[in-house]
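Worksheet: one structure, shown below.
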Amino acid sequence: MKKLINDPENVVAEALEGIELAHGDVVRVSHDPAFIVRSDAPVQGKVGVISGGGSGHEPMHGGFVGMGMLDAACPGAVFTSPVPDQMQAATAAVDGGAGVLHIVKNYTGDVANFEMAAEMAEMEGDDTRVRSVVIDDDVAVKDSTYTAGRRGVGGTVLAEKLCGAAAERGDDLDAVADLCERVNANVRSMGMALTPCTVPHAGEPSFELGDDEMEIGIGIHGEPGRETVKLEPADRIVERLLEPILEDLGASEGDRTLLFVNGMGGTPQIELYIAYRKAAKMLADRGIEVTRNLVGDYITSLEMAGMSITLLKLDDELLELWDAPVRTPALRWGV
Amino acid sequence: MKKLINDPENVVAEALEGIELAHGDVVRVSHDPAFIVRSDAPVQGKVGVISGGGSGHEPMHGGFVGMGMLDAACPGAVFTSPVPDQMQAATAAVDGGAGVLHIVKNYTGDVANFEMAAEMAEMEGDDTRVRSVVIDDDVAVKDSTYTAGRRGVGGTVLAEKLCGAAAERGDDLDAVADLCERVNANVRSMGMALTPCTVPHAGEPSFELGDDEMEIGIGIHGEPGRETVKLEPADRIVERLLEPILEDLGASEGDRTLLFVNGMGGTPQIELYIAYRKAAKMLADRGIEVTRNLVGDYITSLEMAGMSITLLKLDDELLELWDAPVRTPALRWGV
Amino acid sequence: MALTTDGLIDAIQRYADAIAEHRKLLIDLDRAIGDGDHGENMHRGFKAVAEQLEEQRGEQPADVLTFVAKTLVSKVGGAAGPLYGTAFLRAAKAAGDADELDAAGVLDVLAAGLEGVQQRGKAEPGDKTMVDAWEPAVEAGRQALDGGSDLDDVLRAAADAAAQGMRDTIPLEAHKGRASYLGERSKDHQDPGATSTYLLFAALAGRDVSAEELSDK
Amino acid sequence: MALTTDGLIDAIQRYADAIAEHRKLLIDLDRAIGDGDHGENMHRGFKAVAEQLEEQRGEQPADVLTFVAKTLVSKVGGAAGPLYGTAFLRAAKAAGDADELDAAGVLDVLAAGLEGVQQRGKAEPGDKTMVDAWEPAVEAGRQALDGGSDLDDVLRAAADAAAQGMRDTIPLEAHKGRASYLGERSKDHQDPGATSTYLLFAALAGRDVSAEELSDK
Ligand SMILES: Nc1ncnc2c1ncn2[C@@H]1O[C@H](COP(=O)(O)OP(=O)(O)O)[C@@H](O)[C@H]1O
Ligand SMILES: Nc1ncnc2c1ncn2[C@@H]1O[C@H](COP(=O)(O)OP(=O)(O)O)[C@@H](O)[C@H]1O
Ligand SMILES: [Mg+2]
Ligand SMILES: [Mg+2]
Ligand SMILES: [Mg+2]
Ligand SMILES: [Mg+2]
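Protein chains in written order, with the numbering used here: chain F, 1 to 335; chain D, 336 to 670; chain X, 671 to 887; chain V, 888 to 1104.
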């Protein structure tokens, strides 16, 4: 295992120190329980928006804390959801009197820990109003009540931006939470991997893959995908990801969309643009407008080579919220 | 070789199409000769600032084209400097009557091709005033008139931002070029690699490295470094890079600096922050102030895992220029 | 014979040791069909438990179980944290204010733990989760108890059934947890959570387990 | 015997073929002490040259050389583009408006090419660059000419010396170009540019070169 780390045990704690030192103008860091919070939190009268999840997906979520996006993020161990103590403390830290939205990616662990945080807060008589919205946008996984359901992946980044903007403009908790559900209903993603990744405390790659193989339908935790297939040209790979998205989302001619081509951590940017090119052409061929886009590493699996594609249907309100100013370590415009 | 590409021959051309489709609000793309130019070029009365170099270092340079930074960038083949035709055409495209600055990284090929572009322009009776500044900030290479001299690496990113800001505020060509030389005199870098990278048309890794080894003193073209050593903890690696920088730069107590921790392409962000943490502590221990910072993948070697550290001594003017608004695909603030 | 606070603490210590010993094996099982952290998660939790476990001597069994529950909830994260955390919380409730637990009392505690896991995770037997070890263990314990066995025999029966349940997860297709994302590809692998659950029942039965017995190879 | 436009075009075509054939070998040499693109760079340039080479028949040698120079400058990039581009530009100038070149004329053209490389790259013999093949080749050609050899023998002598010069780069430490960044570690590798320069002189001498002859293994 080759990593720029000191001790697998201290990876998250030391990275948090680094984030604190680098971004002290935008965020503060609590080390125990661990969370990253915007430096001016709690913002009085504003709905607080928090998220959390395992580490190893950077910049998600910590890189999205700041004006116009998240009020706080709770980082778990690598690929392990954070614990309720973190969520409770983060919730308290961002509570400006207007309630707090928890944006939760749909994984058993993430959901259960956020659930326990809410239960514990209730038991302790905490009267902060909390709403939770679970993001499940991964079309690689079949949606069914008899399973764990779809994973939350790239759509989470967009939901965090849009809900953060809604909270910033003064929407109340129900409005922000309903918006989050609307975003989730209108976003779909799918990912693939050329290589596995190595979790520091595991010390070995998350799966094995032949030199001429790739994984289709991966999530963001280095797990194998739905299937292993032979390596193909980038254009064909994009088709494999975007076609199921389009079908499931029911996107059609005249729709306005946000196209998000995401690198998994070890993919050169030049390759992401090759993929973006093909995806944009496919949408143009179908008369679907790419009104906004995002290309880069925003929700990663450590050093994994691969990508995911996310497509969000836009309307006027979502467009306005997307364009609203944001100032976080990883996403910044309008300010 | 595992890459999200269609044909090694078309990597750069297809990526340029993607950039054009994704960032049409900020840049235009010329395909033959290939260059990326800010969409409102030429800006009348403003000094044009252009750069160029081999592809595979993205976001450098194309990602830095836009208001407040570069007016144009010329991408060569992967790891191969662009050709004079590109530089000539880009120079013409950004010439707003106030002359054009060429920011050139110090490599034999880059310098020679920019040189030929100037000679050819002169022969053709082109009267655009051009000044060239060569960036050579890599302390891993001994500076000597009997060798090719130091490489231009991370300092180039900072020079492009600062010179772009100076041009934007209306400085004349000599002022912008002199500033570029001042930046070069005050910036030093050093890099290391945990893994090699694979140039698409070569199809094989750029060097071999044992599972417990790393390369110290690499450049940005996948070349081996000055020495291969055993893998060490991140903190020790940071010392190996930052100590020679400090010594060569002569940074001392009370200095204000910009600390830039750069990922080589395949390094998880979490690791960059671990490295940043150590670098910031080392500077604090020496009474050197980190007044600004940059952490992320800005000058890369395809999918190489590794990092470089760059340190720039700041003064009031450089600080003001750093903070000035910038709007490019890869670097954006204040707007 | 009954389970005292001291007996409970010893069993938990034995479990913490077993988790430390088999950390890598649990990681490898989770790498195959999950995300490779189950061993690390459990180890992080039970290392923290072990550090303060001795301080619990003199408390009642319910207090020990509550202490374990809270430590797991605040240290483990992932799916395993809330699942085992809820199990121990429910177990503590079932233990009430007894100073020691007889065979029937222990079985109530274990059944309450299972209930907690299922309430939290909504998994049924056959979904390829820890429930597949936990449920047959409680069932076998119940039958042994009904057949008049003493505490030791009840725990032995439970541990044997947990081992079998763990092995029986191998051919299953996962319907819950991270392994379910693999669909068909989750087959032919032993569930990591079922494996750590067998280790729990083995520890309660005073049994040390070898790596061979745990491996699905 | 003299070098006509047709003879020159044939030699350049032979060189383009040699570059295509040994593209991978040049890449591998450059991967070892550079950035692995020399074969691709040269191939990109000479593929473009070959595509329009036939159209040059009927022109003067200087026109052919100018065409090659401009194509290389605008297609190759890297260090090799300006270096070979300048070499061919200077060569064209030296060829003047002759319809064909005798042995002395060819040698002047080659010497002018070397001058161009050195003016552009500032490398001296011993710096481990293409100059280390080019300089002895011109020198040996000059001696052969002075000794009364005809054009064929002059070109054969030049090619032999270029081959030796190429091999002599192996033990050198690089002082110019990308390989110089490696310092001591650049030793024990054959310079890729010296290798492509030997191929150029071999093509002029009408010689096909095997991979074994080029490899530093
Ligand atoms: N819904 C569920 N009900 C019961 N057990 C579950 C459920 N989901 C997952 N598990 C168990 O949790 C184990 C994985 O735990 P762990 O790896 O620590 O968490 P994560 O899956 O979040 O990485 C699985 O092997 C399985 O036994
Ligand atoms: N200053 C120089 N003078 C002469 N030849 C040089 C010089 N610098 C580099 N070269 C030659 O160029 C070759 C490398 O060319 P190439 O790989 O195409 O360009 P780059 O180094 O830009 O990748 C070297 O092997 C060497 O022979
Ligand atoms: Mg996990
Ligand atoms: Mg090159
Ligand atoms: Mg797991
Ligand atoms: Mg090269």
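Quick reminder that beta carbons are idealized off the backbone N, C-alpha and C, glycines included. Computed from a predicted model, the values in this text were never measured in an experiment.
Could you tell me the distance, in whole angstroms, from the CA atom of R944 (chain V) to the CA atom of V469 (chain D)?
Position 57 of the fourth sequence, counted from the first residue, corresponds to residue 944 (chain V). Position 134 of the second sequence, counted from the first residue, corresponds to residue 469 (chain D). About 42 Å.
Looking at the structure shown, is N106 (chain F) part of a helix, part of a strand, or coil, going by DSSP?
Within the first sequence, numbered from 1, the residue matching residue 106 (chain F) stands at position 106. Reduced to three states, the DSSP call for N106 (chain F) is coil.
Using a Cβ-Cβ distance under 8 Å, would R240 (chain F) count as near chain D?
Looking up residue 240 (chain F) in the first sequence gives position 240. Not an interface residue.
Is any non-hydrogen atom of ligand 1 found closer than 7 Å to the C-beta of R848 (chain X), if you look at the structure I gave you?
For the purposes of this step, residue 848 (chain X) is identified with residue 178 of the third sequence, where counting begins at 1. Under cutoff, so the answer is yes.
Within 6 Å of ligand 3: residues by beta-carbon to any heavy atom
F:G54, F:F79, F:T80, F:G109, X:D705, X:D707, X:G748
Residues in the same chain with beta-carbon distance under 7 Å from A412 (chain D), minus the five sequence neighbours each way, listed in chain order, please.
As a first step, residue 412 (chain D) is located in the second sequence; it is residue number 77 there, counting from the start. Taken in chain order, the residues that qualify are V347, G389, S390.
Using a Cβ-Cβ cut-off of 8 Å, state whether G56 (chain F) counts as contacting chain D.
Your numbering for residue 56 (chain F) matches position 56 in the first sequence. Yes, its Cβ sits closer than 8 Å to a Cβ of chain D.
Which same chain residues end up closer than 6 Å to T198 (chain F) when comparing Cβ atoms and leaving out the 5 residues on each side of it in sequence?
In the first sequence, counting from the first residue as 1, residue 198 (chain F) sits at position 198. Around T198 (chain F): M1, P205.
Which of helix, strand or coil DSSP assigns to N519 (chain D)
Here residue 519 (chain D) refers to the residue found at position 184 of the second sequence. Note: N519 (chain D) maps to helix in three-state DSSP.
Does the beta-carbon of Q788 (chain X) have 16 or more other beta-carbons within 10 angstroms, so that it is buried, or is it exposed?
As a working mapping, residue 788 (chain X) is identified with position 118 in the third sequence. Buried is the call here.
Given this structure, state the Cα-to-Cα distance separating F975 (chain V) from F933 (chain V), to the nearest angstrom.
Here residue 975 (chain V) refers to the residue found at position 88 when the fourth sequence is read from its first residue. Here residue 933 (chain V) refers to the residue found at position 46 when the fourth sequence is read from its first residue. Going from the Cα of F975 (chain V) to the Cα of F933 (chain V) covers about 13 Å.
Opening and closing residue of the alpha helix (DSSP H) in which T865 (chain X) lies:
Reading the third sequence from its first residue, position 195 is the one you call residue 865 (chain X). Looking at the DSSP string, the run of the alpha helix (DSSP H) that includes T865 (chain X) is 862-874.
Taking the Cβ atom as the reference point for each residue, do M120 (chain F) and Q88 (chain F) lie within a distance shorter than 8 Å?
To locate residue 120 (chain F), count along the first sequence from 1; it is residue 120. To locate residue 88 (chain F), count along the first sequence from 1; it is residue 88. Yes; because the gap between Cβ atoms is below 8 Å, this pair is in contact.
Check M836 (chain X) in the structure and name its three-state DSSP category.
The residue you call residue 836 (chain X) lines up with position 166 of the third sequence. Helix.
Rounded to whole angstroms, what is the Cα-Cα separation between L780 (chain X) and D802 (chain X)?
Taking the third sequence and counting its residues from 1, one reaches residue 780 (chain X) at position 110. Taking the third sequence and counting its residues from 1, one reaches residue 802 (chain X) at position 132. Cα to Cα, L780 (chain X) sits roughly 14 Å from D802 (chain X).
Is the shortest distance between the beta-carbon of H201 (chain F) and the beta-carbons of chain X less than 8 Å?
As a first step, residue 201 (chain F) must be located in the first sequence, where it is residue number 201. Closer than 8 Å to some Cβ of chain X, the Cβ of H201 (chain F) qualifies, so yes.
Do R256 (chain F) and L179 (chain F) count as a contact pair if the criterion is CB distance below 8 Å?
Residue numbering aside, residue 179 (chain F) sits at position 179 when the first sequence is read from its first letter. Residue numbering aside, residue 256 (chain F) sits at position 256 when the first sequence is read from its first letter. Against a cut-off of 8 Å, the Cβ pair of R256 (chain F) and L179 (chain F) comes out as no contact.
Starting from the beta carbon of H1062 (chain V), find every residue of chain D whose beta carbon is closer than 8 Å, and list them in chain order.
As a working note, residue 1062 (chain V) is residue 175 in the fourth sequence. Those are Y481, T482, A483, listed as they occur along chain D.
Sorry if obvious, but does the Cβ on K613 (chain D) come closer than 7 Å to a heavy atom of ligand 2?
As a position in the second sequence, residue 613 (chain D) is number 278, starting the count at 1. Outside the cutoff, so no.
G1093 (chain V) versus R901 (chain V): straight-line alpha-carbon distance, rounded
For the purposes of this step, residue 1093 (chain V) is identified with residue 206 of the fourth sequence, where counting begins at 1. For the purposes of this step, residue 901 (chain V) is identified with residue 14 of the fourth sequence, where counting begins at 1. Taking the straight line joining both Cα atoms gives about 8 Å.
Expected contact under 8 Å - CB spacing of R187 (chain F) and L101 (chain F) to nearest Å:
For the purposes of this step, residue 187 (chain F) is taken as the residue at position 187 of the first sequence. For the purposes of this step, residue 101 (chain F) is taken as the residue at position 101 of the first sequence. For the sequence presented, residue 187 (chain F) should be read as Val rather than Arg. The Cβ separation is near 17 Å, so there is no contact.
Taking C-beta pairs closer than 7 Å, name the residues in chain F that N597 (chain D) reaches, listed in chain order.
Sequence index remark: in the second sequence, residue 597 (chain D) carries index 262 (1-based). Neighbours of N597 (chain D) on chain F: none; closest Cβ ~12 Å, over 7 Å.
Members of the region 271-287 of chain F that neighbour chain D once the beta carbon cut-off is set at 7 Å:
E271, Y273, I274, A275, Y276, R277, A280
Taking A688 (chain X) as the reference, give the member of X:S866, X:S885, X:D886 with the closest Cα.
Position 18 of the third sequence, counted from the first residue, corresponds to residue 688 (chain X). If we check each option's Cα against that of A688 (chain X), X:S866 comes out closest.
Between P84 (chain F) and chain X, is the shortest Cβ-Cβ distance under 8 Å, so that the two count as touching?
Here residue 84 (chain F) is taken as the residue at index 84 of the first sequence, counted from 1. Yes, P84 (chain F) lies at the interface with chain X (some Cβ there is under 8 Å from its Cβ).
So, at 8 Å on beta carbons, what are the nonlocal neighbours of G972 (chain V) in its own chain, with the 5 sequence-adjacent residues on each side left out?
The count along the fourth sequence starts at 1 and reaches residue 972 (chain V) at position 85. Cβ neighbours of G972 (chain V) beyond the five flanking positions: A956, K957, L959, V960, V963.
So, is V335 (chain F) buried or exposed, given that buried needs 16 or more other C-beta atoms within 10 angstroms?
Position 335 of the first sequence, counting from 1, holds the residue named residue 335 (chain F). V335 (chain F) is exposed by the Cβ-count criterion.
Let me check you understand the geometry: is the CB of H221 (chain F) closer than 7 Å to at least one non-hydrogen atom of ligand 4?
By one-based count along the first sequence, residue 221 (chain F) stands at place 221. Every heavy atom of ligand 4 is 7 Å or more from the Cβ of H221 (chain F), so no.
For G489 (chain D), which of D:D472, D:H536, D:V439 has the nearest alpha-carbon?
Against the second sequence, residue 489 (chain D) aligns to sequence position 154. G489 (chain D) has its Cα closest to that of D:D472, out of D:D472, D:H536, D:V439.
Measuring only the C-alpha atoms, how far is K1074 (chain V) from V476 (chain D)?
As a working mapping, residue 1074 (chain V) is identified with position 187 in the fourth sequence. As a working mapping, residue 476 (chain D) is identified with position 141 in the second sequence. Between K1074 (chain V) and V476 (chain D), the C-alpha separation is close to 16 Å.
Which residue or residues does DSSP assign as beta-bridge partners of M67 (chain F)?
Counting from one through the first sequence, the residue named residue 67 (chain F) turns up at place 67. Answer is F:R327, bridged to M67 (chain F).
Per the DSSP calculation, C163 (chain F) is bridged to which residue(s)?
Translated into positions along the first sequence, residue 163 (chain F) becomes position 163. C163 (chain F) is not bridged to any residue.
Quick one: what's H593 (chain D) bridged to in DSSP?
Walking along the second sequence from the start, residue 593 (chain D) turns up at place 258. Looking at the sequence shown, residue 593 (chain D) is not His but Leu. L593 (chain D) is bridged to D:R627, D:L647.
Out of curiosity, what's the CA-to-CA distance linking L637 (chain D) and A357 (chain D)?
Taking the first residue of the second sequence as 1, we reach residue 637 (chain D) at position 302. Taking the first residue of the second sequence as 1, we reach residue 357 (chain D) at position 22. Distance between the alpha carbons of L637 (chain D) and A357 (chain D): 20 Å.
Would you check whether ligand 5 has a heavy atom nearer than 7 Å to the C-beta of D700 (chain X)?
Taking the first residue of the third sequence as position 1, residue 700 (chain X) is located at position 30. Because some heavy atom of ligand 5 lies under 7 Å away, the Cβ of D700 (chain X) counts as near it: yes.
From the DSSP output, in three-state form, read off E548 (chain D) for me.
Stepping through the second sequence from its first residue, residue 548 (chain D) is reached at position 213. Note: E548 (chain D) maps to strand in three-state DSSP.
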